[in-house]
Amino acid sequence: MRLAVIGGVAAGLSAAARARRLDAELEIVVFEKGGTISYGACGLPYLVEGRVRRPEDLIVYTPEYFRRERNIEIRTQTEVTGILHPRRELSLAGGERVRYDRLVIATGARPVPIEPPAPNVFALQTFDDGIRLRKFLESRKPRSAAVIGAGYIGLEAAEALRTHGMQVEVFEGSAHVLGREDAHLTEWVRRHLERFGIPLLVNRTVRSLEDLSHELIVTAIGFKPNVELAIDAGIELGRTGAIRVTDRMETNLAGVFAAGDCAETRHLLTDSPAHIPLGTTANKMGRVAGANAAGVRERFPGVCGTAIVRVCGTGIGITGLSSEQARREGFQPASARITAKDKPGYFRGRPTTIELIADRGTRRIVGANIIGEEGVAGRVNVVATAITAGLRIDDFEALDLAYAPPFAPVWDPLLICAQQLSKLL
Ligand SMILES: Cc1cc2nc3c(=O)[nH]c(=O)nc-3n(C[C@H](O)[C@H](O)[C@H](O)COP(=O)(O)OP(=O)(O)OC[C@H]3O[C@@H](n4cnc5c(N)ncnc54)[C@H](O)[C@@H]3O)c2cc1C
483 MRLAVIGGVA AGLSAAARAR RLDAELEIVV FEKGGTISYG ACGLPYLVEG RVRRPEDLIV
543 YTPEYFRRER NIEIRTQTEV TGILHPRREL SLAGGERVRY DRLVIATGAR PVPIEPPAPN
603 VFALQTFDDG IRLRKFLESR KPRSAAVIGA GYIGLEAAEA LRTHGMQVEV FEGSAHVLGR
663 EDAHLTEWVR RHLERFGIPL LVNRTVRSLE DLSHELIVTA IGFKPNVELA IDAGIELGRT
723 GAIRVTDRME TNLAGVFAAG DCAETRHLLT DSPAHIPLGT TANKMGRVAG ANAAGVRERF
783 PGVCGTAIVR VCGTGIGITG LSSEQARREG FQPASARITA KDKPGYFRGR PTTIELIADR
843 GTRRIVGANI IGEEGVAGRV NVVATAITAG LRIDDFEALD LAYAPPFAPV WDPLLICAQQ
903 LSKLL
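For the sequence shown, our numbering gives the first residue as 483, with consecutive numbering after it.
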């Protein structure tokens, strides 16, 4: 029995590793069109910044490791050009055909391009993108940069470039940052970037890169799932444009699974299909795809849209829906926002801002934004857990959260915010 996997990064390798763990006999082969596998794309902004010193530091495992330790064959520089499912065959660039019994598609997503391409224009998605951009910075020493797109990659890139002393401007086509309809959050980010000398221009769609005079341009306006192979094979897409899968990562073709940025998942709050391409989700989807491909039934229930980003030294954590998004999804949102110290004053506590959102009808927590210098990941993860568990504000207020002066104040800011919200409901 042979499992073939297309794509050798987060979802593909999680699938291969999980399948191997569950079935020692399975023949597993991974096809990766690039030259590098298993790298942390999430570290690319820090390679640009210089905190990650060498590109190789981003590589977690090598093909040799997979061969030696996991008995998984990895074929790099090998593009799959077709899925001939009736014959259970893949066609490879160069004409070779490879048979499979089970298949996991983990082809990821690619950045939406803005034209025209030019030597000073960069996307920041692949290992090679990171190397190219870093070389450009070292050899050309540009003094000005435009970042197009104020999603998390654009904001991380802006901070990285500013660290090099460049004049950086961020252009965002929509009215919001981080893909979150949230006017308060957007205004906070705008003012914060301004303090670091980075103008953020929202509602400014860049139609052609020729309109910009900056010495360096980074484009980060979103991702499009790589679904062409799947479409040609007769695999159905969902309404998000990514591959439609069940909670076992099955496509509509028997024995063919899809996972990661090329596939949809479900939003736990709205129970509708969602495409929120993130590494954390890709790994989990891949793991479930690998288990099911190995014949063990596992499921991935979905996501609630949790993410975290550092913007010029401050963490921003989001989970669930903003008030605007919640209203559009048919909830009756009420929200409270507070700013409190993240530790006692005598431990140099710094302000953290928390917004908690609950539904008036059910009193369930449906979202949060958390901004602060420390403790943001822990606090946003508490709210993500509450959303997943369907906690009401009444339960949330009573959560037994940790306290000791080096870590948190006696009333955690989350609980102070929950008390405020409870009064409004
Ligand atoms: C700059 C940056 C920062 C990020 N930061 C974060 C973060 O902080 N937190 C977070 O959760 N996520 C983050 N992400 C997102 C995360 O990296 C992705 O969600 C994750 O890599 C998706 O994994 P994947 O395996 O689905 O796809 P990918 O990582 O895109 O891998 C797909 C692979 O498939 C290969 N492939 C495609 N087509 C073929 C074919 N026909 N034949 C053979 N191979 C093929 C591609 O070459 C690619 O290597 C970041 C992404 C970027 C770009």
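From the three backbone atoms N, C-alpha and C, an ideal C-beta is built for every residue, glycine too.
Secondary structure of residue i, DSSP reduced to three states
i           : result
residue 620 : helix
residue 749 : strand
residue 815 : strand
residue 695 : coil
residue 520 : coil
residue 636 : helix
residue 671 : helix
residue 534 : coil
residue 649 : strand
residue 596 : coil
residue 435 : Because the chain is modelled from 483 through 907, residue 435 falls outside the range shown and cannot be assessed.
residue 780 : coil
residue 895 : helix
residue 867 : helix
residue 687 : coil
residue 589 : coil
residue 564 : strand
residue 755 : strand
residue 823 : strand
residue 770 : helix
residue 641 : helix
residue 502 : helix
residue 541 : strand
residue 654 : coil
residue 806 : helix
residue 907 : coil
residue 631 : coil
Own chain, CB closer than 6 Å to residue i, minus 5 neighbours either side, in chain order
i           : result
residue 607 : 593
residue 543 : 520
residue 579 : 571, 573
residue 720 : 726, 746, 755
residue 643 : 627, 650
residue 559 : 517
residue 856 : 824
residue 561 : 515, 575
residue 667 : 851
residue 629 : 636, 639, 640, 652, 700
residue 737 : 584
Cβ shell of residue i (< 7 Å), same chain only, five flanking positions each side left out
i           : result
residue 900 : 838, 875, 878, 879
residue 581 : 484, 570, 571
residue 603 : 691, 699, 701
residue 634 : 660, 789, 791
Residue i - partner residues in DSSP beta bridges
i           : result
residue 854 : 797
residue 580 : 572
residue 846 : 874
residue 791 : 798
residue 678 : Residue 678 pairs with nothing; no bridge assigned.
residue 886 : 890
residue 840 : 816, 847
residue 738 : 585
residue 604 : 700
residue 763 : Paired residue(s): none; residue 763 is not in a bridge.
residue 486 : 511, 585
residue 733 : Paired residues: none, contrary to the question.
residue 785 : 749
residue 706 : 592
residue 834 : 822
residue 719 : 725
residue 546 : Residue 546 is not bridged to any residue.
residue 555 : 511
Residues of its chain near residue i, where Cβ-Cβ distance is below 8 Å and the 5 sequence neighbours each way are ignored
i           : result
residue 763 : 742, 747, 785
residue 645 : 531, 532
residue 597 : 690, 691
residue 474 : With the chain covering only 483 through 907, there is no way to say anything about residue 474.
residue 564 : 572, 573, 711, 714, 715
Stretch pair the stretch 790–808 + the stretch 857–876: three plus CB contacts closer than 8 Å
With a cut-off of 8 Å, the stretch 857–876 and the stretch 790–808 count as touching, because enough Cβ pairs lie within range.
Touch test, the stretch 623–633 against the stretch 777–785, Cβ-Cβ under 8 Å, three pairs minimum:
A contact between stretches requires three or more CB pairs, one per stretch, nearer than 8 Å, and the stretch 623–633 fails this requirement with the stretch 777–785.
Do the stretch 611–618 and the stretch 524–536 touch if we need at least three Cβ pairs shorter than 8 Å?
As far as the Cβ criterion goes, the stretch 611–618 touches the stretch 524–536, which means the pair count is three or higher.
Taking one C-beta from the stretch 762–771 and one from the stretch 490–499 each time, how about it: are there three or more such pairs within less than 8 Å?
Contact between the stretch 762–771 and the stretch 490–499 is present, with at least three C-beta pairs closer than 8 Å.
Quick check: the stretch 550–560 against the stretch 704–715, are there 3 or more CB pairs under 8 Å?
Between the stretch 550–560 and the stretch 704–715, the count of C-beta pairs closer than 8 Å stays below three; the two stretches do not touch.
Between the stretch 833–849 and the stretch 815–823, do three or more beta carbon pairs fall short of 8 Å?
Remark: three or more beta-carbon pairs, one from each stretch, lie closer than 8 Å, so the stretch 833–849 and the stretch 815–823 are flagged as touching.
Cβ contact (3+ pairs, closer than 8 Å) linking the stretch 648–668 and the stretch 534–542:
Result no; under three Cβ-Cβ pairs closer than 8 Å.
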